[in-house]
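Everything below concerns the one structure shown next.
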Amino acid sequence: MGAMAGVAAQAAMSAQNQMAAIATAKIKADEARTMALVNSFMAGVAELATINKEFNQIARQAI
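For what it's worth, our numbering labels the leading residue of the sequence shown as -5, then goes sequentially.
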């Protein structure tokens, strides 16, 4: 009976390890998507800053 319980415990631990690995992979994928969104946002901010500088130059010339 002890050997069977040991096998069952190993199977349960293996299943938990698989679930943990899947959860870790999902977290890493979510982190990658989040970083991609942050990088896209930062690129947009940089582009707006460039447009604002150009607008300010045009406005100064018009004065």
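The beta-carbon is built from N, C-alpha and C at its ideal position, and this holds for glycine as well.
query = Apart from the five residues on each side of it in sequence, which residues of its chain come closer than 7 Å, Cβ to Cβ, to residue 32?
reply = Closer than 7 Å at the Cβ level, and outside the excluded window around residue 32, lies no residue.
request  = With DSSP collapsed to three states, give me the class of residue 57.
outcome  = The answer is coil: DSSP assigns residue 57 none of H, G, I, E or B.
query = Would you report the Cα separation of residue 16 and residue 24, rounded to the nearest angstrom?
reply = Rounded to whole angstroms, residue 16 to residue 24 spans 12 Å at the Cα level.
message = Beta-carbon within less than 7 Å of residue -3's beta-carbon, same chain only, minus the 5 sequence neighbours each way: which residues are those?
response = There are no such residues.
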